[in-house]
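There are 2 protein chains.
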Amino acid sequence: MVRVGLKQTLAEELSDVDFGEASSSPETIQRLHAQTWDVIVLDIQMPGPSGLEVLKEVKQNFPRLPVLVLSSVPEDQLAARVLKAGAAGYLNKQSAPEELVKAVRKVMAGGHYVSAALGEKLAADLGRSRNRAHHETLSDREYQVFRLMLGGKSLKETAAELSVSPKTVSTYRTRIFEKLRVKNDIELARYAMEHGLGEFRPPNPPPQG
Amino acid sequence: MVRVGLKQTLAEELSDVDFGEASSSPETIQRLHAQTWDVIVLDIQMPGPSGLEVLKEVKQNFPRLPVLVLSSVPEDQLAARVLKAGAAGYLNKQSAPEELVKAVRKVMAGGHYVSAALGEKLAADLGRSRNRAHHETLSDREYQVFRLMLGGKSLKETAAELSVSPKTVSTYRTRIFEKLRVKNDIELARYAMEHGLGEFRPPNPPPQG
DNA sequence: CCATCTTGTAGGCCAATTCCTACAAATCGC
DNA sequence: GCGATTTGTAGGAATTGGCCTACAAGATGG
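Going down the list, the protein sequences come from chains A and B.
According to our numbering, the residues represented by the first sequence are 1 to 209, in order.
According to our numbering, the residues represented by the second sequence are 210 to 418, in order.
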């Protein structure tokens, strides 16, 4: 349903380009081996990988193929992850169709595309960034606090448990938030879930099942 | 971007029908007074300031105008609410275009439309009405706040988004906590994860594609 | 129909948390 | 080896959020 719209929009503006569609991940990979594509427009649903997986797999097999990611979530957490995973661009579905066209042109020409707003955000983030998982940069003490937080402990409770001042724990919390690039408990929980940490390991069998 | 696709899809199959578009809620209401429509296809973006509002407003002013709701969240929670608010049908954006056409035809003819799967689910829910999941007891407003909270919004931000006092949101938060039997944001997030709600739907796609 | 419960809204007051700052010891980077 | 950064610790000021209370409109249940 969504794909129809995209195709329509793109076909109107980029009449010199051929379009194909694929839905599932295996199907996409399959086709990539069969024929040569110039660009992929990947529609990522939700922060839950699945789409990210596809992206990663595509990039692993075809590192030079530009992938433009579309998503309906407000460009935030996901965008950075997607770009770090090698996407050539990130676009919100709320964007105007013209922006899509522009983005596709840009990435097909080998460039990158992000909205101005997102660009700034990323630039700000670029202060420093390795490719270790963020939580691996936590110090021992920070990690300890992190776990207690995931256990639903309040700042005060945590402080009591560690026999330090609540102020101290507060500082840890701030540092943890910085390192994990989150801004509150909810995002912390999401981080934990996405990384299968603490009490947030999903009930289903793990990825490598 | 999405609307283009819908229009396209519908125009192909229902050539005897006229189509218009509107984006904002006020715009929609406005137009309804100006001209007569046979049906509304309403795209609800959950995290935003509630398409539910729009739906309710439309139904209040034009109770007999059928509204088919489209949404991208695969949550039957939303579906139930939307139908209770008077929608004539609910359809997931992932659905095939043909289903959209079928649904539009059905509701235009005065009927109701839900997917088979959702129908079963709803029917099943009717049976065990007393042991509903906790989150099903949330009021619309509470649910809305719940979603914003899951989106990582602070109390203040949420209040701003809903144009109410932070105090009000605080009250909602308390009621949500009560109803879900949790005591803080972390547990709220865990609840969401365990029930596959909001941004916390588990990363692993269903076992059978 | 009428009492009761629920829902949407919010104020006051106080406890919990964040923000900014600080500083010594440990560690890193070159 | 030595300056730069990280880590463990915490205080005071400023905010935010939690708890209790309230109240009107709407829904519910006898």
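Positions of the beta carbon are idealized from the N, C-alpha and C atoms, including for glycine.
Everything numeric in this text was worked out from a predicted model, so none of it was measured.
**Asked** Closest to A/Gly111 by CA distance: which of A/Arg147, A/His134, A/Ala87, A/Leu150 is it?
**Response** Ranking the options by Cα distance to A/Gly111, first place goes to A/Ala87.
**Request:** May I have a chain-ordered list of the alpha helix (DSSP H) segments no shorter than 4 residues that lie completely inside the segment 348–394 of chain B?
**Result:** 349–359, 364–371, 375–389
**Message:** Let me confirm a value: B/Glu408 is counted as buried when at least 16 other C-beta atoms fall within 10 Å, else exposed. Which label applies?
**Reply:** buried
**Request:** Identify the contact partners of A/His193 in chain B, using a Cβ-Cβ distance below 7 Å as the criterion.
**Result:** Note that residue 193 of chain A is Met in the sequence shown, not His. What A/Met193 touches in chain B: Met402, Phe409.
**Residues of its chain near A/Lys93, where Cβ-Cβ distance is below 6 Å and the 5 sequence neighbours each way are ignored** = Leu70, Ser72
**Item:** Assumed close pair B/Leu359, B/Lys388 - CB separation to whole angstroms, cut-off 8 Å
**Value:** Not confirmed; about 15 Å, so no contact.
**Request:** Output the boundary residues of the beta strand (DSSP E) element that contains A/Leu42.
**Result:** 40–44
**Asked** Beta carbon of A/Val4, beta carbon of A/Leu42: below 8 Å?
**Response** no
**Request:** Taking only beta-carbon positions, decide if B/Pro375 is within less than 8 Å of chain A.
**Result:** no
**Request:** Note down the Cα distance separating B/Leu364 from B/Ala318, rounded to an integer number of angstroms.
**Result:** 44 Å
**Message:** Check for me: the beta strand (DSSP E) holding B/Val278 runs from which residue to which?
**Reply:** 276–280
**Request:** Would you give the residue range spanned by the alpha helix (DSSP H) that B/Leu309 belongs to?
**Result:** 306–317
**Asked** Closest Cβ-Cβ distance between A/Gln35 and chain B: below 8 Å?
**Response** no
**Request:** Can you give me the start and stop residues for the beta strand (DSSP E) that B/Leu300 sits inside?
**Result:** 298–301
**Request:** Step through the CB atoms of chain B and report whether any lies within less than 8 Å of the CB of A/Glu75.
**Result:** Model confidence at A/Glu75 stands at a pLDDT of 45, short of 50, so the residue's coordinates are unreliable; what they give is reported in the following sentence. No, its Cβ sits nowhere closer than 8 Å to a Cβ of chain B.
**Asked** Taking the alpha-carbon positions, what's the B/Ala220 to A/Arg175 distance?
**Response** In this structure, the CA atom of B/Ala220 is about 54 Å from the CA atom of A/Arg175.
**Message:** Against A/Glu187, what residues of chain B qualify as contacts under a CB-to-CB distance less than 8 Å, listed in chain order?
**Reply:** Gly361
**Asked** Using the rule of at least 16 other Cβ atoms within 10 Å of the residue's Cβ for burial, across every protein chain shown, is B/Ala401 buried or exposed?
**Response** So B/Ala401 ends up on the buried side.
**Residues within the segment 261–283 of chain B neighbouring chain A, beta-carbon criterion of under 8 Å** = Ser281
**Message:** Can you list, in chain order, the residues of its chain with a C-beta nearer than 8 Å to that of A/Val101? Leave out the 5 residues immediately preceding and following it.
**Reply:** Residues Thr9, Leu10, Glu13, Leu14 of the same chain have their beta carbon placed closer than 8 Å to that of A/Val101, with the five preceding and five following residues left out of the count.
**Request:** Decide if B/Glu236 is buried, meaning its Cβ has at least 16 other Cβ atoms within 10 Å, or exposed.
**Result:** exposed
**Asked** By Cβ distance, which residues of its chain are closer than 7 Å to B/Ala312, with the 5 residues on each side in sequence left out?
**Response** Leu277, Gly298, Leu300, Tyr322
**Message:** Quick check on DSSP: helix, strand or coil for A/Val114?
**Reply:** strand
**Message:** Between B/Thr346 and chain A, is the shortest Cβ-Cβ distance under 8 Å, so that the two count as touching?
**Reply:** no
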